[in-house]
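Structure first, then comments.
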Amino acid sequence: MKNIVQNVSFPFAIKGNDFKELSLKALNIKKWIDENGQELAEFIYRQQAWLINGEYKSQSLKDLKLVVSKIDYVFRELLELIKNFKDPLNSIRNVILNLEKNIKNNQDYLKNSVIDIQFQKQNEIVENHKKEQFLEIKSVAKQEQELKIITSNFRKEKLLIKDIEILGINDDFLENANQYELKQLIKYLIIDEKLVKNTIKAQWDTNTDNKVVGIKGINIQIKGVK
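Quick note, the sequence shown lines up with residues 816 to 1041 if you use the numbering used here.
Following this line, the structure appears as structure tokens:
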């Protein structure tokens, strides 16, 4: 859209008197037809009949030339009256058509310019909406990733019995253990190895801290854990 507002004008070079003069010329045509129309119609009818009957074919060249001149003469006056009416009528018509074109061009320019802006705003809204959706999806993905990292610190796989290896009694523990701790150790040793492993598995599956997994006095090794 241009930044300079263009001058607007509506050329309409028609005056009320133009229609008055045009009306008088139309009346002249009507008057001629009223006075001479019947005679012209009969002339046309006779000429058509002679042509159909082939009567002109028997005329000499000189006579045919006279017939042509007579035809021009008979039609000349009415055709001149029509021309006198038609020329100003066409002039008025052209003025009206030019005015219509001028108005229509202004209408189309304004309408199409506003529609272009409308489309631009619609596209901006769509693009902004897409950006918002993208940012929202990106934010959700980031939150999910962060949550995954956080939860991965607390979540670990269930411990399998086969991954637990009993290495033996801890000598340091035997030297320093109290009576209760020794009784607990003896309980595990007397019952069986399966109880030891099941106890360790239960500790592993219910605690996030590997340091609390184990039985005092018994050295163990869990596969994959240092």
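Every residue gets a Cβ at the ideal spot worked out from N, C-alpha and C, and that includes glycine.
Taken atom to atom, the span from the alpha-carbon of residue 950 to that of residue 915 is near 52 Å. For the options 833, 894, 874 and 945, the alpha carbon positioned closest to that of residue 904 is the one of 833. Look at residue 983 here: in three-state DSSP terms it is strand. Separation of residue 986 and residue 1015 (C-alpha to C-alpha, rounded to the nearest whole angstrom) is 20 Å. Nearest to residue 885 by alpha-carbon distance, out of 870, 1022, 895 and 859, is 859. Secondary structure note for residue 862: its alpha helix (DSSP H) is the uninterrupted segment 831-868. Below 8 Å, enough C-beta pairs join the segment 839-855 and the segment 887-900 to call them touching: three or more.
In this structure, residue 900 places its C-beta atom within 8 Å of the C-beta atom of residue 844. By the neighbour-count criterion, in which 16 or more other beta carbons inside 10 Å mark a residue as buried, residue 941 falls on the exposed side.
If you draw a 10 Å sphere on the C-beta of residue 883, you find fewer than 16 other C-beta atoms in it, and that means exposed.
In this structure, the CA atom of residue 929 is about 17 Å from the CA atom of residue 918.
In the three-state reduction of the DSSP assignment, residue 1015 falls in the helix class. In the three-state reduction of the DSSP assignment, residue 1033 falls in the strand class, which pools E and B.
The same chain holds no residue with a CB closer than 6 Å to that of residue 908 once the five nearest residues on each side in sequence are set aside. Linking residue 933 to residue 898 through their CA atoms gives a straight-line distance of about 51 Å. In the three-state reduction of the DSSP assignment, residue 1028 falls in the coil class. Nearest neighbour of residue 836 by Cα position, chosen from 954, 902 and 877, turns out to be 902. With respect to residue 952, residue 1000 sits apart: the two C-beta atoms are not nearer than 8 Å. Less than 8 Å separates the beta-carbon of residue 1035 from that of residue 980.
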